[in-house]
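Peer 1:
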Amino acid sequence: MSPIMMGAALLVVLAVGGMGAAAWTFINPSRSARDRLEDLTHGGDAPSQQPDDRLLKMRYAVSKVAAPTSEDELGALKKRLIQAGFRGKNNVETFSASRFALAVVLPLASLALTGSMELVYQILIALVVAALGYYLPAIIVTNTLQKRQDILLKTFPDALDMLVASVEAGLGLDAAFRRIANEMEEATPLLAGELALVNAEVSAGVPRSEALQRLETRTGLDEIGSLVNVLIQSERFGTPVAKSLRVHSELVRVRRMQAAEESAAKISPKLTVAMILFMLPCLIIILIGPAVIKVIRNLLPAIS
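Numbering (my numbering), first residue to last: 10 to 313.
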């Protein structure tokens with residue numbers, strides 16, 4: 010085995026071991042319940058502190074290489090990670106360290122696998138793989154965030170109807186949230202968990218308006234943001250919550266129908282492009298193909 014392959018294999022083993030140790034640190038059962046509650050509610054809101062043990066210190070130092078430089082980019086990254094469900098205390102450091110590790114380890118592994126190629130091709134492949142490794146965590150976070158928001162948006166109108174029915178039946182807002190979380194736990198555990206977190210924060214002494222605003226931050230959906238604004242304004246100005254929720258529920262249903270109509274209207278252009286690219290060439294070959302074959306068999310021998 011060549012020295013390059015041995016070095017690349019050693020770096021791969023060290024990187025995998027480091028990531029495994031970091032994952033074990035996050036799921037360590039010795040962590041307190043307060044730490045877990047902070048991770049679930051607003052893990053990215055507090056400023057990250059440098060860890061104490063050597064492994065986390067090394068990860069913190071490595072993450073500085075690929076960390077955002079401005080405060081705006083850092084805040085946007087924290088918000089995206091929270092909305093995607095990555096709510097650990099050091100989620101930004103873990104994300105940045107993963108980008109750096111993949112951008113270094115994957116090119117070395119590619120050099121070990123492409124040792125028989127020319128040097129120019131090895132460098133080119135290593136650069137492409139390094140770019141892929143650097144952007145891979147961001148792609149994973151974006152896909153996870155999109156899937157999470159799709160699940161929340163799909164079940165939100167049903168939860169809103171249940172909230173309207175519960176409030177009109179005489180339940181308070183906290184009791185209504187608790188009932189929705191219990192009733193919809195099997196159908197949509199993601200939305201039920203978010204509503205249960207609101208109740209947990211309110212029970213822990215967090216003001217309801219702040220807990221609702223955190224719900225909007227955690228989900229990143231305009232529909233939930235509109236609901237939060239309705240509830241906060243109803244509480245602030247003393248308007249009936251049930252009536253406001255009924256009007257908001259109708260608006261959400263209208264928006265959902267409009268989104269469905271918009272998606273249906275996009276089908277025709279997409280099918281047209283697909284027909285032009287895939288079906289039309291096949292149709293032309295079927296119609297003109299026999300004539301072309303006859304011309305080749307009869308006309309070309311006569312010309313020659």
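All C-beta atoms, glycine included, are put in the ideal place defined by N, C-alpha and C.
What you are looking at is a predicted structure, and each value in this text was computed from that prediction instead of being measured.
Going by beta-carbon coordinates alone, are residue 77 and residue 108 separated by less than 7 Å?
Peer 2: Position 68 of the sequence shown, counted from the start, is the residue given in the question as residue 77. Position 99 of the sequence shown, counted from the start, is the residue given in the question as residue 108. Cβ distance not < 7 Å, so residue 77 and residue 108 don't count as in contact.
Peer 1: Starting from residue 84 and walking both ways along the alpha helix (DSSP H), at which residues does that stretch end?
Peer 2: Numbered from 1 along the sequence shown, position 75 holds the residue referred to as residue 84. Note, residue 84: alpha helix (DSSP H), 80-92.
Peer 1: What do you reckon, are the CB atoms on residue 193 and residue 205 nearer than 7 Å?
Peer 2: By one-based count along the sequence shown, residue 193 stands at place 184. By one-based count along the sequence shown, residue 205 stands at place 196. It is not a contact, given that the beta carbons lie outside the stated cut-off.
Peer 1: Restricting to runs no shorter than 4 residues, where is the alpha helix (DSSP H) found entirely within the segment 194-270?
Peer 2: The alpha helix (DSSP H) runs of length 4 or more contained entirely in the segment 194-270 are, from start to end of the chain, 198-212, 217-228 and 231-246.
Peer 1: Rounded to whole angstroms, how far is the Cβ of residue 197 from the Cβ of residue 160, which I believe are closer than 8 Å?
Peer 2: Within the sequence shown, residue 197 is the residue found at index 188, counting from 1. Within the sequence shown, residue 160 is the residue found at index 151, counting from 1. Contact holds; Cβ gap of about 7 Å.
Peer 1: With residue 225 and residue 233 assumed to form a contact (beta carbons below 8 Å), what rounded beta-carbon distance in angstroms separates them?
Peer 2: As a working mapping, residue 225 is identified with position 216 in the sequence shown. As a working mapping, residue 233 is identified with position 224 in the sequence shown. Confirmed, about 6 Å.
Peer 1: Roughly how many angstroms lie between the CA atoms of residue 307 and residue 301, to the nearest whole one?
Peer 2: On the sequence shown, position 298 is the one that residue 307 refers to. On the sequence shown, position 292 is the one that residue 301 refers to. Spanning the two alpha carbons is a distance of roughly 10 Å.
Peer 1: Would you mind sorting residue 106 into buried or exposed? The rule is 16 or more other CB atoms within 10 Å of its CB.
Peer 2: If you number the sequence shown from 1, residue 106 lands on position 97. Under this definition residue 106 is a buried residue.
Peer 1: Cα separation between residue 297 and residue 305?
Peer 2: Walking along the sequence shown from the start, residue 297 turns up at place 288. Walking along the sequence shown from the start, residue 305 turns up at place 296. Between residue 297 and residue 305, the C-alpha separation is close to 12 Å.
Peer 1: Quick check on the burial criterion: 16 or more other C-beta atoms within 10 angstroms. Buried or exposed for residue 309?
Peer 2: Here residue 309 refers to the residue found at position 300 of the sequence shown. Its Cβ having fewer than 16 others within 10 Å, residue 309 is exposed.
Peer 1: Give me the Cα-Cα distance between residue 113 and residue 148, rounded to the nearest whole angstrom.
Peer 2: As a position in the sequence shown, residue 113 is number 104, starting the count at 1. As a position in the sequence shown, residue 148 is number 139, starting the count at 1. Taking the straight line joining both Cα atoms gives about 18 Å.
Peer 1: In this structure, how does DSSP classify residue 77 when only helix, strand and coil are distinguished?
Peer 2: Start at 1 with the first residue of the sequence shown, and residue 77 comes out as number 68. Residue 77: coil per DSSP, three-state reduction.
Peer 1: By DSSP, does residue 133 sit in helix, in strand, or in coil?
Peer 2: By 1-based counting over the sequence shown, the position of residue 133 is 124. Looking at residue 133 - three-state DSSP - the assignment turns out to be helix.
Peer 1: With DSSP collapsed to three states, give me the class of residue 112.
Peer 2: Taking the first residue of the sequence shown as position 1, residue 112 is located at position 103. DSSP places residue 112 in helix when its eight states are reduced to three.
Peer 1: In angstroms with no decimal places, state the Cα-to-Cα distance between residue 256 and residue 249.
Peer 2: Numbered from its first residue, the sequence shown carries residue 256 at position 247. Numbered from its first residue, the sequence shown carries residue 249 at position 240. As the crow flies, the alpha-carbon of residue 256 is around 11 Å from that of residue 249.
Peer 1: I need the straight-line Cα distance from residue 82 to residue 90, nearest angstrom please.
Peer 2: Along the sequence shown, read from residue 1 onward, the residue named residue 82 stands at position 73. Along the sequence shown, read from residue 1 onward, the residue named residue 90 stands at position 81. If I take the Cα positions, the gap works out to 12 Å.
Peer 1: Among 158, 155, 190 and 153, which has the Cα closest to the Cα of residue 171?
Peer 2: Numbered from 1 along the sequence shown, position 162 holds the residue referred to as residue 171. Ranking 158, 155, 190 and 153 by Cα distance to residue 171 puts 190 first.
Peer 1: Nearest to residue 230 by CA position, among 180, 183 and 261, is which residue?
Peer 2: Working through the sequence shown from its first residue, we reach residue 230 at position 221. Per the Cα distances, 261.
Peer 1: Would residue 100 be called buried (16 or more neighbouring beta carbons within 10 Å of its own) or exposed?
Peer 2: Within the sequence shown, the letter at position 91 stands for residue 100. Buried.
Peer 1: For residue 182 and residue 218, what's the separation of their Cα atoms in angstroms?
Peer 2: In the sequence shown, counting from the first residue as 1, residue 182 sits at position 173. In the sequence shown, counting from the first residue as 1, residue 218 sits at position 209. If I take the Cα positions, the gap works out to 12 Å.
Peer 1: In chain order, what residues of the same chain have a beta carbon less than 7 Å from the beta carbon of residue 278, not counting five sequence neighbours either side?
Peer 2: Numbered from its first residue, the sequence shown carries residue 278 at position 269. Answer for residue 278: no residue qualifies.
Peer 1: Over what stretch of residues does the alpha helix (DSSP H) that includes residue 285 continue unbroken?
Peer 2: Locating residue 285 in the sequence shown gives position 276, counting from the first residue. Residue 285 -> no alpha helix (DSSP H), and no H or E assigned at all.
Peer 1: Report the CB separation of residue 173 from residue 258 in whole angstroms; it is logged as a contact under 8 Å.
Peer 2: Walking along the sequence shown from the start, residue 173 turns up at place 164. Walking along the sequence shown from the start, residue 258 turns up at place 249. Their Cβ separation, rounded to whole angstroms, is 5 Å, which keeps residue 173 and residue 258 in contact under 8 Å.
Peer 1: Excluding five sequence neighbours on each side, which residues of the same chain lie with their C-beta closer than 7 Å to the C-beta of residue 207?
Peer 2: Counting from one through the sequence shown, the residue named residue 207 turns up at place 198. If we look at residue 207 and ignore the five residues flanking it on each side, its Cβ neighbours are 186, 220, 221 and 224.
Peer 1: Considering only the alpha carbon of each residue, which of 127, 213 and 227 lies closest to residue 95?
Peer 2: Looking up residue 95 in the sequence shown gives position 86. The residue with the shortest Cα to Cα distance from residue 95 is 227.
Peer 1: Can you list, in chain order, the residues of its chain whose CB lies under 7 Å from that of residue 177, leaving out five sequence neighbours each side?
Peer 2: As a working note, residue 177 is residue 168 in the sequence shown. So the qualifying residues of the chain are 251.
Peer 1: Please classify residue 155 as buried or exposed, where buried requires at least 16 other C-beta atoms within 10 Å of its C-beta.
Peer 2: Counted from its first residue, the sequence shown places residue 155 at position 146. It counts as exposed.
Peer 1: Which whole-angstrom value describes the C-beta separation of residue 93 and residue 157, a residue pair presumed to lie in contact below a C-beta threshold of 8 Å?
Peer 2: Within the sequence shown, residue 93 is the residue found at index 84, counting from 1. Within the sequence shown, residue 157 is the residue found at index 148, counting from 1. Contact flag correct, Cβ pair sits at about 6 Å.
Peer 1: Would residue 119 pass as a contact of residue 138 if the rule is Cβ separation under 7 Å?
Peer 2: Mapped onto the sequence shown, residue 119 falls at position 110. Mapped onto the sequence shown, residue 138 falls at position 129. In contact: residue 119 and residue 138 (Cβ atoms closer than 7 Å).
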